[in-house]
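Taking it in order: structure first as structure tokens, then the write-up.
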Amino acid sequence: MAVLNKIRQRSLFLILIIALALFSFVLADLFKNSDALLGTAQDIVATVNGKNITRIDFMSKVENTQRQLGPGATSTQAMNRVYDQEVRRAVMNTQFEELGLSVEQDQMKDLIKQNFSTYPEFQNEVGLFDENKLTEFVANLKAIYPERSVLGNFQLNYDDWVNSESSIAIGAQERTYYNMVKAGVNATLNEAEVDYLLENSTRDIKYVQIPYSTINDSLVDVSKSDINTYINNNKAQFEVEASRDIVFVEFKEAPSLDDETDLKSKLVEFITGKAVFENGKNDTIVAFRNVKESSLENYVNYTAASDVNYNDAFVKKSALPSVVADTLFNLNAGDVYGPYKDGAIMKLTRMVAAKQVPDSAKVRHILIPYMGALSAGPDVTQTLEQAKATADSVLAIVKVNRSKFPELVTALSSDKGSIDKGGVYDFHPSTQMVKPFSDFEFQNKVGDIGVVEAQYGFHIIEILAQKGSSKVVKVATIAREIEASTETIDNVFTEASKFELAVKDAFFQDIAKENKYTVKPVNGIKVLDEQIPGLGSQRGMVKWAFEGETKVGDFKRFTIPGGGYAVAQVTKVSKKGLMDPETASASVLGDIRKEMKAKMIRDKVTGTTIDEVSKNQSRPTTNSAAVNMKNPTMTGAGLEPMVVGVAFGLKDGETSGLIDGERGVYMVTVSNILEASKLDNFQAMANRLSTTRSSAAQTKVYNALKETADIEDNRASFY
20 MAVLNKIRQR
30 SLFLILIIAL
40 ALFSFVLADL
50 FKNSDALLGT
60 AQDIVATVNG
70 KNITRIDFMS
80 KVENTQRQLG
90 PGATSTQAMN
100 RVYDQEVRRA
110 VMNTQFEELG
120 LSVEQDQMKD
130 LIKQNFSTYP
140 EFQNEVGLFD
150 ENKLTEFVAN
160 LKAIYPERSV
170 LGNFQLNYDD
180 WVNSESSIAI
190 GAQERTYYNM
200 VKAGVNATLN
210 EAEVDYLLEN
220 STRDIKYVQI
230 PYSTINDSLV
240 DVSKSDINTY
250 INNNKAQFEV
260 EASRDIVFVE
270 FKEAPSLDDE
280 TDLKSKLVEF
290 ITGKAVFENG
300 KNDTIVAFRN
310 VKESSLENYV
320 NYTAASDVNY
330 NDAFVKKSAL
340 PSVVADTLFN
350 LNAGDVYGPY
360 KDGAIMKLTR
370 MVAAKQVPDS
380 AKVRHILIPY
390 MGALSAGPDV
400 TQTLEQAKAT
410 ADSVLAIVKV
420 NRSKFPELVT
430 ALSSDKGSID
440 KGGVYDFHPS
450 TQMVKPFSDF
460 EFQNKVGDIG
470 VVEAQYGFHI
480 IEILAQKGSS
490 KVVKVATIAR
500 EIEASTETID
510 NVFTEASKFE
520 LAVKDAFFQD
530 IAKENKYTVK
540 PVNGIKVLDE
550 QIPGLGSQRG
560 MVKWAFEGET
570 KVGDFKRFTI
580 PGGGYAVAQV
590 TKVSKKGLMD
600 PETASASVLG
610 DIRKEMKAKM
620 IRDKVTGTTI
630 DEVSKNQSRP
640 TTNSAAVNMK
650 NPTMTGAGLE
660 PMVVGVAFGL
670 KDGETSGLID
680 GERGVYMVTV
690 SNILEASKLD
700 NFQAMANRLS
710 TTRSSAAQTK
720 VYNALKETAD
730 IEDNRASFY
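Residue numbers for the sequence shown follow the working numbering, beginning at 20 and rising by one.
Below, the structure is given as structure tokens:
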């Protein structure tokens, strides 16, 4: 009772304590999520030179871009494209503002006219651009917003139109900006003269080379400290983004051996009439059972048996599945072979028929086109029915009097390629013509004549001659894709789950090895990557690997495209900044060893002339003629700009000191100097240099502006 009285007496104090505790809890959460308080994390996708790219506008553009790219593009691909466009726009806008570049109203009208004058929607009765129609179109877009209207081949709403106008204006500003830049990169006559001299002044040199390869790598001890020093001396070369290394084990929902055996058993039962298949092709079963379509109901248990349609054509051996081509080609009519596996398909094949056909045929034809036929010109006015009637009439005439054929070819045929030859196509294989045409000429006899309809129109064909003879076959194949059963899919899930549970208490690699699973590594994953080699699109896995609470050793199970799972583990977390020595070692060891070997070679070389060094080091001397600065390549040594540069600083007969080159340490003597002859005028060369610089200026300038821009990229928080 006394305790309760004390609590009552101090109730206000307790309330204040509780309130302060709650307030501190909320305040701590707010500080933890200070970006949320300021509205930055949720609303700003990126900041470029102090200007924000907002989430709502950005995501709207991503949706539009993804719609334009079509179903084959992912949201990440669309996002990256929009991001690049928005960053470019922001970077360039900074320049436009600093220079005072703008697009005035009159100029904008001219730009819109240039971009849209060819659109019928904005043309008057005589085909000229009508500004009133453009104004009316834009006003209508605004009135029906957010609905879309059709313009040419596109559908757009008012926002799209505003963005289009903005893009046109920015394009004009960019052209003006880059034209000013290009005007400033034109080469002077002095620059042209220097370039000419670099290319045409030459030196004949004699040199001795002590290759770095004369010192074995094992004799050069490169420490971690050496690598760190090299990285710090070449920081720009080793600046890297944040990255993650992972390993994963894949559990595919692939058909098991039991699934294959089960399907094979069903196909065996199908032959005896016991199996029932669904979701297949009826025409295949009609051919396989050798029944008419009208009799199909008598074979209800066998309908829809195949995943592929029946090919009602005679084919050569080369068209049969390569794994069983010899066997199938030698079946007798009515024989059934299988079940057999062809890739991911289990098949049964029945020989329908076999026969001999010519290897090549010579024919002549008359082509009667109709409106809508392939390659039919605007002068073709006959309908399909009228063209068929014409073809039948021509057939009747040439059957009675075949000497009329050439005359009718000239008068009626639309096949320009054969008119001059009287409609004749000389000997050719069955693959040269379209199928209906080829079927007629290879499945009939010499002298036969008839009408065949194909995509180009109606052909009146006469078979003039045939050569050779080869066997062809017609087969009917019941084909079923080998699919994972429900039991197999369940087993895959169980395996993945067991593995995931097991690695909680043991090493990932050990459990994988124990179960004979293949562990696949993926290194250098970036925060905005989407594809994981071997797994396809795995944006979720990448986001998880970069989450703040994910650390080295953490693992997680993910679903994979096509069915199945992957259990991934993070093996390395690399922060943005300088590359660590372990990662850099692969690329820098060669350069560091080269520096160390150069010093070792210098220390052991004695002599001040090429001959002395050659004798001292047991290395031959080599002559290289007409070496120039523009292409500093030396005979027997390759590209050596440092060595050639030193040679051009020497007088005739003068010898250099030791030079550290790309492939070794050198000593050089100049044996002949040939200066380029003077030109009267360097204007042509200056023009050439200006053109080269101008063509590269736009890309180089933007890349330089982007590199120096202050860009804060928050995309990873949204995608």
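C-beta: ideal position from N, C-alpha, C; glycine also. Keep in mind the model is a prediction, meaning the values are calculated, not measured.
Coil, strand or helix - residue i by DSSP
i, result
"Leu-56", "The predicted model places Leu-56 with a pLDDT of 37, which falls under 50 and marks its position as unreliable, so this point remains unresolved."
"Arg-682", "coil"
"Ser-394", "coil"
"Asp-732", "strand"
"Tyr-177", "helix"
"Ser-606", "helix"
"Tyr-197", "helix"
"Ala-273", "coil"
"Gln-401", "coil"
"Thr-154", "helix"
"Arg-107", "helix"
"Thr-718", "helix"
"Asp-149", "coil"
"Phe-737", "coil"
"Tyr-356", "strand"
"Leu-669", "coil"
"Phe-518", "helix"
"Glu-19", "In this structure the chain extends from 20 to 738, so residue 19 is not present and cannot be described."
"Leu-724", "helix"
Cut-off 6 Å between Cβ atoms - residues of its own chain near residue i, not counting five sequence neighbours on either side
i, result
"Pro-340", "Asp-361"
"Ala-705", "Ala-206, Leu-208 and Ala-211"
"Ile-229", "Ile-620, Gln-636, Arg-638, Gly-683 and Val-684"
"Pro-660", "Pro-651"
"Lys-493", "Phe-333, Val-371 and Ala-372"
"Thr-654", "Ser-643"
"Lys-335", "Val-491"
"Lys-594", "Ala-261"
With 16 other Cβ atoms within 10 Å as the buried cut-off, status of residue i
i, result
"Phe-135", "buried"
"Met-560", "buried"
"Glu-533", "exposed"
"Arg-707", "exposed"
"Gln-557", "buried"
"Arg-499", "buried"
"Leu-160", "buried"
"Ala-587", "buried"
"Pro-139", "exposed"
"Phe-526", "exposed"
"Ile-63", "buried"
"Ile-75", "exposed"
"Lys-80", "buried"
"Asp-434", "buried"
Bridge-paired residues (DSSP) for residue i
i, result
"Asn-510", "DSSP, once it has assigned bridges, lists no residue as partnering Asn-510."
"Gln-550", "Ser-556"
"Thr-117", "Looking at the sequence itself, residue 117 is Glu, so the reference to Thr does not match. For Glu-117, which the question treats as bridged, DSSP gives no partner whatsoever."
"Phe-424", "BP columns for Phe-424 are empty, so no partner."
"Leu-367", "Ile-497"
"Gly-596", "Val-259"
"Ala-587", "Phe-267 and Lys-575"
"Met-653", "Gly-657"
"Ser-643", "Ile-224"
"Asp-361", "Ile-364"
"Phe-477", "Ile-387 and Glu-472"
Own chain residues within Cβ distance below 7 Å of residue i, not counting five before or after
i, result
"Val-428", "Ile-385, Ile-438, Gly-441 and Gly-442"
"Gly-626", "Val-632 and Asn-635"
"Asn-349", "none"
"Trp-180", "Val-157 and Leu-160"
"Ala-363", "Glu-500 and Ile-501"
"Asn-575", "The residue asked about is misnamed: residue 575 is Lys in this sequence, not Asn. Cβ neighbours of Lys-575 beyond the five flanking positions: Trp-563 and Ala-587."
"Gln-474", "Ala-392, Leu-393 and Val-453"
Supposed contact pair residue j and residue i - C-beta distance, whole angstroms, cut 8 Å
i, j, result
"Asp-278", "Glu-502", "7 Å"
"Gly-543", "Asp-264", "7 Å"
8 Å Cβ shell around residue i - same chain, five flanking residues per side excluded
i, result
"Phe-518", "Val-268, Phe-270, Ile-530, Ala-531, Asn-534, Tyr-536 and Val-586"
"Tyr-196", "Met-111, Gln-114, Phe-115, Leu-118 and Leu-120"
"Thr-718", "none"
"Pro-397", "none"
"Ile-508", "Glu-272 and Gly-582"
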